[in-house]
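So that you can map any letter, position 40 of the sequence shown is 39 in numbering that gives the first Met the number 0, and since no number is skipped, the others follow by simple counting. Yeah, the Cβ is synthetic: ideal placement off N, Cα and C, and Gly gets one too.
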Amino acid sequence: MADARVSTGTAEKLTDTADRRTELAADRTVLAAERTYAAWVRTGLAALASGVGAKKVLGGVVPDLMISLMGSVLVLFAAFSFAAGVWRELRPGTPPPKPDTRRIAPPLLIAVNGFLALVAISALYGIWFGRTGG
């Protein structure tokens, strides 16, 4: 009888440990998704800055039409990156087990990245119709 109690206790411990490892794996999955989201936003911000800066930096070196096209592609890529970041965060694929870590609220993601996409579209307008300030 003593052996049966020991076996039951050991099985419960193993189950508890496995459940905890599963919860921790779910937490790591949520945090990895947030890092991926941050990478998309960081890439978009870098492309946006490059697209806006192209007009000023390359002015007088490359034909104006080429500068506008390069800047436009970079700014459009920035807008794509902002949209892709939200899309990937909201549709992560197979749902993990219930994590302890809370996800970023979807309305906040949409609002922030929507604003960044608006900035990108404004920059695109500035590239085509704005003055360089020089």
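message: When you compare the CB positions of F81 and G113, do they come within less than 9 Å of one another, or not?
response: yes
Local conformation of V61 per DSSP, three classes: strand
message: Considering only the alpha carbon of each residue, which of V40, K54, A116 lies closest to G125?
response: Checked all of V40, K54, A116; the closest Cα to G125 is K54.
query: DSSP on G129, reduced to helix/strand/coil?
result: coil
- prompt: To the nearest angstrom, how far is it from the Cα of V118 to the Cα of R34?
  reply: Rounded to whole angstroms, V118 to R34 spans 22 Å at the Cα level.
- request: State the CB to CB distance for the pair P98 and V29, rounded to an integer number of angstroms; the pair is presumed to be in contact (CB under 8 Å).
  value: 5 Å
query: Are there 16 or more other CB atoms within 10 angstroms of the CB of L123, so buried, or fewer, so exposed?
result: buried
message: Short of 6 Å in beta carbon distance, which residues of its chain neighbour A116, apart from the five on each side in sequence? Order them along the chain.
response: A78, F81
field: Helix, strand or coil at A106 according to DSSP, with G and I counted as helix
entry: Strictly speaking, residue 106 in this sequence is Pro, with Ala absent from that position. Three-state result, P106: helix.
query: Is the beta carbon of I120 sitting closer than 9 Å to the one on V85?
result: Taking 9 Å as the Cβ cut-off, I120 and V85 do not qualify as a contacting pair.
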